[in-house]
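Let me begin by presenting the structure, written as structure tokens, before commenting on it.
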Amino acid sequence: MSDICTMAKLGYLFDHPGTVFFSVFMSFWAVTFLEYWKRKMATLAHHWDCMDFHEEEERPRPEFAAMAPTVEQNPVTGVKEPYFPEKTRLSRMFTGSMVIVLMLCVVIIFLVTVVMCRGIISVMMYHTGSPVLRTEAATIANISSSIVNLGLILLMGQVYTALAEQLTKWEMHRTQTQYDNAFTFKVFIFQFVNFYSSPFYVAFFKGRFVGYPTNYGTLFGMRNEDCGPGGCLIELAEQLFIIMVGKQLINNIQEFILPKVKAWRQRRSLANVLGGKVSHEPHRWEEDYQLVECGGLFEEYLEMVLQFGFITIFVAAFPLAPLFALLNNWVEIRLDAHKFVCEYRRPVAERTQNIGVWFSILEGLSHLSVIANAFLIAFTSDFLPRLLYQYKFEKGLHGYVNFSLAYAPLNYTEYPMCRYKAFRDNDGNYTLFYWELLAVRLGFIIAFEHVVFFVLRAIDWIVPDVPESLELKVKREHYLAKQALAENQEALLQATRPLESGVRSPKQKKNGAEMDG
Numbered sequence: 138m139s140d141i142c143t144m145a146k147l148g149y150l151f152d153h154p155g156t157v158f159f160s161v162f163m164s165f166w167a168v169t170f171l172e173y174w175k176r177k178m179a180t181l182a183h184h185w186d187c188m189d190f191h192e193e194e195e196r197p198r199p200e201f202a203a204m205a206p207t208v209e210q211n212p213v214t215g216v217k218e219p220y221f222p223e224k225t226r227l228s229r230m231f232t233g234s235m236v237i238v239l240m241l242c243v244v245i246i247f248l249v250t251v252v253m254c255r256g257i258i259s260v261m262m263y264h265t266g267s268p269v270l271r272t273e274a275a276t277i278a279n280i281s282s283s284i285v286n287l288g289l290i291l292l293m294g295q296v297y298t299a300l301a302e303q304l305t306k307w308e309m310h311r312t313q314t315q316y317d318n319a320f321t322f323k324v325f326i327f328q329f330v331n332f333y334s335s336p337f338y339v340a341f342f343k344g345r346f347v348g349y350p351t352n353y354g355t356l357f358g359m360r361n362e363d364c365g366p367g368g369c370l371i372e373l374a375e376q377l378f379i380i381m382v383g384k385q386l387i388n389n390i391q392e393f394i395l396p397k398v399k400a401w402r403q404r405r406s407l408a409n410v411l412g413g414k415v416s417h418e419p420h421r422w423e424e425d426y427q428l429v430e431c432g433g434l435f436e437e438y439l440e441m442v443l444q445f446g447f448i449t450i451f452v453a454a455f456p457l458a459p460l461f462a463l464l465n466n467w468v469e470i471r472l473d474a475h476k477f478v479c480e481y482r483r484p485v486a487e488r489t490q491n492i493g494v495w496f497s498i499l500e501g502l503s504h505l506s507v508i509a510n511a512f513l514i515a516f517t518s519d520f521l522p523r524l525l526y527q528y529k530f531e532k533g534l535h536g537y538v539n540f541s542l543a544y545a546p547l548n549y550t551e552y553p554m555c556r557y558k559a560f561r562d563n564d565g566n567y568t569l570f571y572w573e574l575l576a577v578r579l580g581f582i583i584a585f586e587h588v589v590f591f592v593l594r595a596i597d598w599i600v601p602d603v604p605e606s607l608e609l610k611v612k613r614e615h616y617l618a619k620q621a622l623a624e625n626q627e628a629l630l631q632a633t634r635p636l637e638s639g640v641r642s643p644k645q646k647k648n649g650a651e652m653d654g
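As numbered in the working numbering, residues 138 to 654 make up the sequence shown, in order.
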């Protein structure tokens, strides 16, 4: 017990009652942020005259026009455009979804590999004979496996992004908006499983199927993982720190170095093509052409959305995530400004009404965060067991650690007494306190979700999607447009009346001459 006291105290930094209130606050913040982003999005769309922009107005993509097998008339515009059969596109999308499922299975295989690697490292630490390594075996195994997991995540992300791009091109989407939405959905589904599968495992599965002495659960012949002395929450915080902050550092280094390397390679290739034949100072447009071609904003959106998931879904386990996200964004905004202004060519502007499918993804993450935090507090944290213990036995936590430890069967080890963390009796059966705690946990999840979702719906109803000032401005513009149209029609009508009364057509003149004769 004295050896694990430090880890237990460290675990309490992340597992205390304040975490519950912070989780509720972050759920409210996420929805409030999205509501006010809707208002900002409407303001920007009006400012750039894109509020009435529709997808039907988009021209077909050049790649689509070049590869489409037939040409048909657009029912909206009446113009003949390249056409690809919808039935063929759906069959290709179904085939692409099977490839996505296969890649997700590869991610799960890597996750199992990392789990087994963590178990092997723990066993190696225990067999070193060093008291320090034996005590810190779980921490060393968790940190080392998290670093390996981060490397696999970044590697698989690069491979799958290239694969998703080829699949989306093969599906033959007509407009750039349709192409971007399909590509975004594919990459996000994979990156969601890629980045969050390991934290989800630690948060909701690790330590759940361990069993008890003389009846341990196994997977592939190896004993299932149990949580360390500080609990699974401290291990989850360690893993989130390594994955989130490690990804931020690597991305910022890449954004600082890669554009410069690409620009240097581009200048070098142009110099090789020209062969030193340039005898004058390069023009401005020639210098601009030597810059790196802008690849769009997809990577920037993806990075921010994944960061949004880290600071909302797992905030109960890692309350420092919003702080690290803020620090990263301060650095990120300056790096991106320098990259887009100094290193990249000016991109061709495209009209759009909103951020597309990204907003739906953000809404899904905000709702998922409520459910994840409810289960995290109920089943992974010790908040409810401590609360129930205080309610039933003590006003404080005196004796709680002793109460939470069960006795192993006699003659199980060489020691006269062995205890492990569980609410079981001497025969390994669950105690009455366990079933009472399970009822409290399920009740907490239901109450937490209903209260938070009710408040979220109230916020959604109270805060309008369009600011009142902008709504009045739009109504005023519509009124002035109708008034101008009415005045124009009235002026046109008045201008045609003298012509109708004083000027006759040639046929009318001929009939009039015959009558005079």
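By construction, the Cβ of each residue, glycine as well, lies at the ideal position given by its N, Cα and C atoms.
Compare the beta carbon distance of Leu513 and Phe447 with 9 Å and say whether it is the shorter of the two.
Counting from 1 along the sequence shown, the entry for residue 513 is found at position 376. Counting from 1 along the sequence shown, the entry for residue 447 is found at position 310. No, the pair does not count as a contact, with Cβ atoms beyond the cut-off.
Note down, in chain order, each residue of its chain lying with its Cβ closer than 6 Å to the Cβ of Arg255, except the 5 sequence neighbours on either side.
Taking the sequence shown and counting its residues from 1, one reaches residue 255 at position 118. Excluding sequence neighbours, Arg255 sits near Ala278, Ser282.
Flag this pair as yes or no: are the beta carbons of Leu607 and Arg176 separated by less than 9 Å?
Position 470 of the sequence shown holds residue 607. Position 39 of the sequence shown holds residue 176. Yes; because the gap between Cβ atoms is below 9 Å, this pair is in contact.
Asp152 vs Ile371 beta-carbon contact at 9 Å
Walking along the sequence shown from the start, residue 152 turns up at place 15. Walking along the sequence shown from the start, residue 371 turns up at place 234. Yes, these two residues count as a Cβ contact at 9 Å.
For Thr156 and Ala408, which I take to be in contact (beta-carbon distance under 8 Å), what is that distance rounded to the nearest angstrom?
Working through the sequence shown from its first residue, we reach residue 156 at position 19. Working through the sequence shown from its first residue, we reach residue 408 at position 271. That belief does not hold up - the Cβ atoms of Thr156 and Ala408 are roughly 58 Å apart, past 8 Å.
In this structure, how does DSSP classify Gln328 when only helix, strand and coil are distinguished?
Taking the first residue of the sequence shown as 1, we reach residue 328 at position 191. The answer is helix: DSSP assigns Gln328 an H, G or I state.
Quick check on Asn352: does DSSP put it in helix, strand or coil?
Taking the sequence shown and counting its residues from 1, the one referred to as residue 352 is at position 215. Strand, per DSSP.
Check the DSSP bridge columns for Ala543 and list the partner residues they point to.
For the purposes of this step, residue 543 is identified with residue 406 of the sequence shown, where counting begins at 1. Ala543 is bridged to Tyr557.
Does the beta-carbon of Cys369 have 16 or more other beta-carbons within 10 angstroms, so that it is buried, or is it exposed?
Against the sequence shown, residue 369 aligns to sequence position 232. Cys369 comes out buried.
Sequence-distant residues of the same chain with beta carbon closer than 7 Å to Ala319, five excluded per side:
The residue you call residue 319 lines up with position 182 of the sequence shown. Here the set comprises Thr305, Glu308, His310.
Please report the straight-line C-alpha distance between Pro154 and Pro522, rounded to a whole angstrom.
Counted from its first residue, the sequence shown places residue 154 at position 17. Counted from its first residue, the sequence shown places residue 522 at position 385. Looking at the two C-alpha atoms, the distance is approximately 12 Å.
Reference Val216, options Glu223, Pro222, Val208, closest by Cα:
In the sequence shown, residue 216 corresponds to position 79, counting from 1. Nearest of Glu223, Pro222, Val208 to Val216, Cα basis: Val208.
In angstroms with no decimal places, state the Cα-to-Cα distance between Thr265 and Asn539.
As a first step, residue 265 is located in the sequence shown; it is residue number 128 there, counting from the start. As a first step, residue 539 is located in the sequence shown; it is residue number 402 there, counting from the start. One C-alpha to the other measures close to 30 Å.
Cα separation between Cys479 and Leu472?
The residue labelled residue 479 in the question sits at position 342 within the sequence shown. The residue labelled residue 472 in the question sits at position 335 within the sequence shown. About 10 Å.
Alpha carbon to alpha carbon, how far is Pro219 from Phe342?
As a position in the sequence shown, residue 219 is number 82, starting the count at 1. As a position in the sequence shown, residue 342 is number 205, starting the count at 1. Going by the C-alpha atoms only, they are around 51 Å apart.
Give me the Cα-Cα distance between Leu150 and Ser160, rounded to the nearest whole angstrom.
Sequence index remark: in the sequence shown, residue 150 carries index 13 (1-based). Sequence index remark: in the sequence shown, residue 160 carries index 23 (1-based). Taking the straight line from one Cα to the other gives about 15 Å.
Distance between Ala618 and Val213 (C-alpha atoms, nearest Å)
The residue you call residue 213 lines up with position 76 of the sequence shown. The residue you call residue 618 lines up with position 481 of the sequence shown. For Val213 and Ala618, the distance between alpha carbons rounds to 24 Å.
For Glu218, which of helix, strand or coil comes out of DSSP?
Taking the sequence shown and counting its residues from 1, one reaches residue 218 at position 81. If DSSP states are grouped into helix, strand and coil, Glu218 belongs with the strands.
If we count the other Cβ atoms within 10 Å of its Cβ and call it buried at 16 or more, is Gly358 buried or exposed?
Numbered from 1 along the sequence shown, position 221 holds the residue referred to as residue 358. When all chains shown are included, Gly358 counts as exposed.
Buried versus exposed call for Leu464 [16 or more other C-beta atoms within 10 Å across all chains shown]
Translated into the one-based positions of the sequence shown, residue 464 becomes position 327. It is exposed - the Cβ of Leu464 has fewer than 16 other Cβ atoms within 10 Å.
State yes or no: is the C-beta of Leu534 within less than 9 Å of the C-beta of Val577?
The residue given as residue 534 occupies position 397 in the sequence shown. The residue given as residue 577 occupies position 440 in the sequence shown. Cβ distance not < 9 Å, so Leu534 and Val577 don't count as in contact.
Between the alpha carbons of Arg360 and Ser259, how many angstroms are there, rounded?
As a first step, residue 360 is located in the sequence shown; it is residue number 223 there, counting from the start. As a first step, residue 259 is located in the sequence shown; it is residue number 122 there, counting from the start. Approximately 12 Å between the Cα atoms of the pair.
So, is Ala632 buried or exposed, given that buried needs 16 or more other C-beta atoms within 10 angstroms?
Within the sequence shown, numbered from 1, the residue matching residue 632 stands at position 495. Looking at its Cβ environment, which holds fewer than 16 other Cβ atoms inside 10 Å, Ala632 is exposed.
Residue range of the alpha helix (DSSP H) that includes Val251:
Counting from one through the sequence shown, the residue named residue 251 turns up at place 114. Element bounds for Val251: 223-263.
Among the candidates Glu586, Ala179, Tyr173, Ala275, whose CA atom is the shortest distance from the CA of Leu609?
Here residue 609 corresponds to residue number 472 of the sequence shown, with the count starting at 1. Of Glu586, Ala179, Tyr173, Ala275, the residue nearest in Cα terms is Ala179.
Start and end residues, beta strand (DSSP E) containing Thr305:
Start at 1 with the first residue of the sequence shown, and residue 305 comes out as number 168. No beta strand (DSSP E) holds Thr305; the alpha helix (DSSP H) holding it covers 274-307.
How many angstroms separate the CA atom of Met235 from the CA atom of Glu418?
The residue labelled residue 235 in the question sits at position 98 within the sequence shown. The residue labelled residue 418 in the question sits at position 281 within the sequence shown. Whole-angstrom Cα-Cα distance: 55 Å.
Using the Cα positions of Asp189 and Ile387, report the straight-line distance between them to the nearest angstrom.
Here the question's residue 189 lines up with position 52 in the sequence shown. Here the question's residue 387 lines up with position 250 in the sequence shown. Answer to the nearest angstrom: the Cα atoms are 40 Å apart.
Complete alpha helix (DSSP H) runs within the segment 384-439 (minimum length 4 residues, chain order)
421-426
Local Cβ density within 10 Å of Asn286, reported as buried at 16 or more and exposed below that
Against the sequence shown, residue 286 aligns to sequence position 149. Burial call: buried.
Residue range of the unbroken alpha helix (DSSP H) whose run includes Glu209
Reading the sequence shown from its first residue, position 72 is the one you call residue 209. It is not in any alpha helix (DSSP H) - Glu209 instead sits in the beta strand (DSSP E) that spans 207-210.
CB-CB under 7 Å to Thr449, same chain, minus the five flanking residues each way: which ones, in chain order?
As a first step, residue 449 is located in the sequence shown; it is residue number 312 there, counting from the start. Excluding positions up to five away in sequence, the list reads Met163, Ala167, Leu502, Ser503, Ser506.
Could you round the C-beta distance between Tyr526 and Ala543 to whole angstroms and report it? I think they count as a contact, below 8 Å.
Along the sequence shown, one-based indexing puts residue 526 at 389. Along the sequence shown, one-based indexing puts residue 543 at 406. Going by Cβ atoms, the distance from Tyr526 to Ala543 rounds to 15 Å, so no, they are not a contact pair.
For Phe322, collect the residues of the same chain with a Cβ closer than 7 Å to its Cβ; drop the 5 residues on either side in sequence, then sort them by chain order.
Translated into the one-based positions of the sequence shown, residue 322 becomes position 185. If we look at Phe322 and ignore the five residues flanking it on each side, its Cβ neighbours are Val494.
For Leu248, which residues in the same chain have their Cβ closer than 7 Å to its Cβ, ignoring the five residues on either side in sequence?
Within the sequence shown, residue 248 is the residue found at index 111, counting from 1. The answer, listed in chain order, is Ser334, Ser335, Tyr338.
If you run the structure through DSSP and keep just helix, strand and coil, what is Arg360?
As a position in the sequence shown, residue 360 is number 223, starting the count at 1. Strand.
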